[in-house]
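Participant: My structure is below; once you've seen it, I'll send some questions.
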Amino acid sequence: MSSANPGRSTATVSDDPAAGAPGGASSADPDAFLGLSKEECVELLREMIIERRFEEKAAEVYQVGKIGGFCHLYIGQEAVSAGSISPLRDDDYVITAYRDHSQAIARGMTPNAVMAELYGRVDGCSKGFGGSMHMFDKSLNFMGGHGIVGSHLPLAIGVGYAIRYRGGDQVCLCFFGDSVVNIGAFHESLNMAARWKLPVIFLLENNRYGMGTDYRRVAAVKELKDRGRAYEGLTSLDVDGMDVLAVRQAMEEAIERGRNEKTPSFIEARCFRYMGHSMADPMHGTYRTREEVEKWRSDDPILSFTRQLMDAGRLTEEEYKTIDREAKEIAEESAAFADRSPFPDPEALYRYVYSDGYPDDMRRRDAWRKELR
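Going by numbering that gives the first Met the number 0, the first residue of the sequence shown is number 0, and it counts up by one from there.
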C-alpha cells in the first residue's frame, strides 16, 4: 500500500485496502450493516470511491487550467454524502452549498455532466453557466449548489413548505457547513421549520474549518448540535461523519420523522476535508498542521468501510480493486467528455436573464455587444 503524501495537492485512496486501514466490525450479522444486503453495502462503497476518484481528477485538471474560478473539493467527506443521500426516495429533494460535486453525483447526476459543468461547457448540468458551485438538476430534485454561505437554508424552508402545502410525504435534505450556524438565516430557518413542522433535514457537515478558521474560535456554543435544541419540535443530534453506516442510520431515522411526523431534524456530521477549503489554499501548514491532517487521514471513511466489509466477508480485495479501477475509468472519461464538449456561444450571455428572453431594446444598450459579432 502506498500511503498518501500529505504535502501533495490531492488526497488519494490506496490501491491496497488490506494494509493500513483502521479495523472495522468483523461481524457478518446483517444488523451490523443496518439490514443492508451485501450488494447494497458494496454499492455504498462504490459510490464513495467514485466520488473520491472524480474529485482527484478535478484537482488534477484544475491545476492545468481546465477549470477556472473557485473549486471546492469534497475529499474526505464521502461518508456524509453517500450515507445521507442513499436512503432518500427519488421524489425527495436535496439542496446544498458550494462543495457540491460529490453530492450531485451521489444524487444520480452523471460524472460527465458534473465535470463538463466544472469546465464551463454546454454539456454541463447547468449548460456551463454555473460552474463548480452551482450544480443543478430539476429531474433529480437536486435543487442546486449555492455559493452564498447559508443562502439556501431559507430555500429549503420553501421546499419543505411546498411539500406540506401539497400534502406530500417527501423530505428535503439540506447540506451546509459549520460557518452557517453563526448567521441569522440558520436560526430563522430552524425556527420556521420547527414552528410550522416542515419535513426538512438540516445536515451540518462540520469539517472543523470555515475557510481557514477553526469553528471553535468563533462559536460561543462549541457543541454545534446544541444550536438546534432551542427549537421545540426539532430533533438535534450528532453523528460520526467518517462512518457511512452511522450517517445512514441517523438519516433513516430523520427521514421517518419527516415523512410520518412532519417534523424537522438537525444532524451535525463531524467530518474532515483532506484538501484545503478550495484549490486556492494548501492542505496544511497555515491554519492546519500536518499532524492534524494525518490524524484524520488515519480514519479515512473509504478505507474504514472497506476493511469492515472485508472483515465481514462481504468484499474481497479483488472486488475492491475492480471497483477502484472502474471508478478511475469513470473519472478519466468525465474529463475526456468535458474536453469534447464545446464552450457556450457568446450569444449565450443573454440567455436565461429574463424568463421570456432578453428584450431587444435592452440588448442594444450594451456598448460591448458589437464585440460579439
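Cβ coordinates follow ideal geometry from the N, Cα and C atoms, glycine included.
Just so we're clear, the structure is a prediction, and the values are computed from it rather than from any experiment.
1) In the DSSP assignment, what residue or residues form a beta bridge with VAL239?
2) Within the same chain, show all residues whose beta-carbon is closer than 6 Å to that of ASP168, passing over the 5 residues directly before and after it, in chain order.
3) By the three-class DSSP mapping on this structure, what secondary structure does ASP136 have?
4) Can you list, in chain order, the residues of its chain whose CB lies under 6 Å from that of SER25, leaving out five sequence neighbours each side?
5) Hey, would you say SER377 sits closer than 8 Å to ALA184, going by beta carbons?
6) What are the start and end residues of the beta strand (DSSP E) that includes ILE156?
7) Within 10 Å of its beta-carbon, does THR305 have 16 or more other beta-carbons around it, so buried, or fewer, so exposed?
8) Quick one: using the 10 Å Cβ neighbour count with 16 as the cut-off for buried, is GLN102 buried or exposed?
9) So the candidates are ASP122, LEU117, CYS124, GLU77; which of them puts its Cα closest to the Cα of ALA105?
10) Start and end of the beta strand (DSSP E) containing ILE182?
11) In terms of alpha-carbon separation, which member of ILE94, ARG269, GLU260 lies closest to GLY166?
12) Report yes or no: do the stretch 314–326 and the stretch 48–55 share at least 3 C-beta pairs separated by less than 8 Å?
13) Nearest to ALA161 by alpha carbon, out of ASP136, VAL199, ASP30?
14) Which residues in the same chain as GLY107 place their Cβ atom closer than 6 Å to its Cβ, once the five residues preceding and following it in sequence are excluded?
15) Does the beta-carbon distance from SER188 to ALA155 come in below 8 Å?
16) Count the other CB atoms, across all protein chains shown, that sit within 10 Å of the CB of LYS221; report buried if there are 16 or more and exposed otherwise.
17) With distances taken between CB atoms, is the gap from GLY75 to PHE271 smaller than 8 Å?
18) Measure the C-alpha to C-alpha separation of ASP344 and LYS137 and round it to an integer number of angstroms.
19) Taking the CB atoms as reference points, tell me whether VAL170 and ASP99 lie closer together than 8 Å.
20) Note down the Cα distance separating TYR118 from ASP30, rounded to an integer number of angstroms.
21) Quick check on the DSSP output: what are the complete beta strand (DSSP E) runs of length 3 or more inside the stretch 249–331, in order along the chain?
22) Between PRO153 and PRO86, what straight-line distance do the alpha-carbon atoms span, to the nearest angstrom?
23) Provide the residue(s) that pair with ASP202 in DSSP beta bridges, ordered along the chain.
24) Between the C-alpha atoms of VAL422 and VAL93, what's the straight-line distance to the nearest angstrom?
Facilitator: Reading it off the structure:
1) Here residue 239 refers to the residue found at position 240 of the sequence shown. Note on residue identity: the sequence assigns Asp, not Val, to residue 239. When DSSP reads this structure, ASP239 sits in a beta bridge with ARG269.
2) Taking the sequence shown and counting its residues from 1, the one referred to as residue 168 is at position 169. Within the same chain, ASP168 has close Cβ partners ARG258.
3) For the purposes of this step, residue 136 is taken as residue 137 along the sequence shown, with counting starting at 1. Strand, per DSSP.
4) As a working note, residue 25 is residue 26 in the sequence shown. Reliability fails at SER25, whose pLDDT of 41 lies under 50, so the model's placement of it is uncertain and no value is given.
5) Given a span of 0 to 372 for the chain in the structure shown, any question on residue 377 remains unanswerable.
6) The sequence position of residue 156 within the sequence shown is 157, counting from 1. ILE156 -> not in any beta strand (DSSP E); alpha helix (DSSP H) instead, spanning 152–165.
7) Mapped onto the sequence shown, residue 305 falls at position 306. With 16 or more other Cβ atoms inside 10 Å of its own Cβ, THR305 counts as buried.
8) Taking the first residue of the sequence shown as 1, we reach residue 102 at position 103. Looking at its Cβ environment, which holds 16 or more other Cβ atoms inside 10 Å, GLN102 is buried.
9) Your numbering for residue 105 matches position 106 in the sequence shown. It is GLU77.
10) One-based indexing of the sequence shown puts residue 182 at position 183. It is not in any beta strand (DSSP E) - ILE182 carries neither H nor E in the DSSP assignment.
11) For the purposes of this step, residue 166 is identified with residue 167 of the sequence shown, where counting begins at 1. Taking only the C-alpha atoms, the option nearest GLY166 is GLU260.
12) Three or more Cβ pairs drawn from the stretch 314–326 and the stretch 48–55 lie within less than 8 Å of each other, which places the two stretches in contact.
13) The count along the sequence shown starts at 1 and reaches residue 161 at position 162. Across the set ASP136, VAL199, ASP30, the C-alpha of VAL199 shows the shortest separation from the C-alpha of ALA161.
14) Residue mapping note: residue 107 aligns to position 108 of the sequence shown, counting from 1. Cβ neighbours of GLY107 beyond the five flanking positions: LEU139.
15) Translated into the one-based positions of the sequence shown, residue 188 becomes position 189. Translated into the one-based positions of the sequence shown, residue 155 becomes position 156. Result yes, Cβ atoms of SER188 and ALA155 sit closer than 8 Å.
16) As a first step, residue 221 must be located in the sequence shown, where it is residue number 222. With fewer than 16 Cβ atoms within 10 Å of its Cβ, LYS221 is classed as exposed.
17) Translated into positions along the sequence shown, residue 75 becomes position 76. Translated into positions along the sequence shown, residue 271 becomes position 272. Between GLY75 and PHE271, the C-beta spacing is below 8 Å.
18) As a first step, residue 344 must be located in the sequence shown, where it is residue number 345. As a first step, residue 137 must be located in the sequence shown, where it is residue number 138. Approximately 24 Å, taken between the alpha carbons.
19) Here residue 170 corresponds to residue number 171 of the sequence shown, with the count starting at 1. Here residue 99 corresponds to residue number 100 of the sequence shown, with the count starting at 1. Taking 8 Å as the Cβ cut-off, VAL170 and ASP99 do not qualify as a contacting pair.
20) One-based indexing of the sequence shown puts residue 118 at position 119. One-based indexing of the sequence shown puts residue 30 at position 31. For TYR118 and ASP30, the distance between alpha carbons rounds to 43 Å.
21) With a minimum length of 3 residues, the continuous beta strand (DSSP E) runs that stay inside the stretch 249–331 are 264–269.
22) In the sequence shown, residue 153 corresponds to position 154, counting from 1. In the sequence shown, residue 86 corresponds to position 87, counting from 1. About 24 Å.
23) Residue 202 sits at position 203 when you count from the first residue of the sequence shown. Inspection of the sequence shows that residue 202 is occupied by Leu rather than by Asp. Under DSSP, LEU202 forms a beta bridge with PHE174, ILE266.
24) With the chain represented from 0 up to 372, any question about residue 422 goes unanswered, as that position is not in the structure.
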